[in-house]
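Novice: Throughout the sequence shown, residue numbering follows my numbering, covering 59 to 434 in sequence. We treat Cβ as the ideally placed atom computed from N, Cα and C, and that holds for glycine. Sharing a structure, written as structure tokens. Questions coming.
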Amino acid sequence: MNQENAIEVRKMSKHFKVEYDRANTLKERLIFWKSGNYEIKEVLKDISLDIKKGETVALIGTNGSGKSTLLKLMTKIIYPNQGTIETDGKLTSLLELGAGFHPDFTGRENIYFNASIFGLTHQEIDQRIDQIIEFSELGENIDNPIRTYSSGMYMRLAFSVAINVDAEILLIDEILAVGDQHFQDKCFDKLEELKNSDKTIVIVTHSLDVVKKLCDRAIWIYKGEFKLDGDPTYVIDEYLKQVEKDHHDKVLRAIKEGTHKVKGVIFIDTPKGFATIYRTGGELAFRGWSISNGYDIELEIYLDAQHVKNVRRTPRPDVYNAYAEEYAGFLEKDQIGWEFTIPFEDIQDGVHHLQIRLADKNEKIIDEKEIEFTIE
């Protein structure tokens, strides 16, 4: 193994045997001993890659592409059918947060149980427990049984234990949405701190913004095969192009079969519903965004039952990134947002009604939003 590498994967393949009509009792096995139907499902095919020490790398791909399986293979939770995976350094994985927690014991007691799974001694845990408790922000709740914890508290404690284990290689599988926004930001800051140290981090996530901000490289796994490896911005762009194409082809097949369900989303950024707006400027601005996964879908806006025609379409990269996979093939980056303005002199004081809808050519409404606001 190359001394510069933390992880080496060579010509590695993994398949699972999926059994159908499996006999669960001795009687069934004796009677139906010939009827064992099964299928070999190939999850990963001939994967070879290197991850250098100190790198932060993302594995990206659609659901079912094999990226989480690859991460589990790196942890040696499961083993390849062909090829090899080697690692150099103490390894910690954040795959199943809270594995080893017991509901009847306190949070403090479970820190000792959980941290011991990661290989820490009792003395090492003693040295870190205050830091773990402080990071989790559980305060006095740390001495309550964890069956009394909310799901957010449970996940915060589990993440705090795992992130404070001193390991050279950290494997993370889609667990960056832990707790509220404040705690998510705290987790991200902690990962940035680890990234700037000598740690090697491998992340599986669907959050492409996280990949761009945090990672040095992105590795794209497509249908179980190694597709692309390199700068995150370029790899993500190529990945989204393929997702868009695949989704578009899937929708076309569904339309042909009559099974495609058209859906859409409308959001009004300003004004807010029930807001009171004071005449402090020359005009009132209306802004928001809309998306749909159908053809010939029109956005219609009415202010006090009057059709608004001077609507401008604007770029919304934040919305595009959030819905790029789900609405692939139907999003135009520069056409997602909408906005228009009305001079205050054309609006009377009082309550006003804004209605926005997405409708197809047969005037079937896909989505609709209505708000009231007051001008003073």
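(1) If distances are taken between C-alpha atoms only, which option among Pro401, Asp295 and Asp425 comes closest to Lys319?
(2) Could you give the DSSP three-state label for Leu131: helix, strand or coil?
(3) Can you list, in chain order, the residues of its chain with a C-beta nearer than 8 Å to that of Pro329? Leave out the 5 residues immediately preceding and following it.
(4) Is it right to say Met132 is buried, meaning 16 or more other beta carbons lie within 10 angstroms of its own, or is it exposed?
(5) Using beta-carbon positions only, say whether Thr150 and Ala216 come within less than 8 Å of one another.
(6) Span of the alpha helix (DSSP H) holding Thr291?
(7) Could you give the residue range of the beta strand (DSSP E) that holds Lys103?
(8) Exposed or buried, which one is Ser350 when buried takes at least 16 other CB atoms within 10 Å?
(9) Which of the three DSSP states, helix, strand or coil, is assigned to Leu215?
(10) Which same chain residues, not among the five before or five after Gly147, have their C-beta less than 8 Å away from its C-beta?
(11) Here's a check: name, in chain order, each residue in its chain whose Cβ is nearer than 6 Å to the Cβ of Asp274, leaving out the five neighbours to either side.
(12) Less than 8 Å between the beta carbons of Ala116 and Val269, yes or no?
(13) Using 8 Å as the threshold, is the C-beta distance between Arg374 and Ile394 below it?
(14) Return the CA-CA distance between Val369 and Asp362, expressed in angstroms with no decimal places.
(15) Let me know if Val101 comes out buried or exposed under the rule of 16 or more other beta-carbons within 10 Å of its beta-carbon.
Specialist: So, from the data block:
(1) Asp425
(2) helix
(3) Ile335, Leu342, Phe344, Leu412, Ile429 and Phe431
(4) buried
(5) no
(6) Pro290 to Glu315
(7) Asn95 to Lys110
(8) buried
(9) helix
(10) Ala64, Lys111, Ala225, Glu226, Ile227 and Thr258
(11) Glu113 and Thr114
(12) yes
(13) yes
(14) 16 Å
(15) buried
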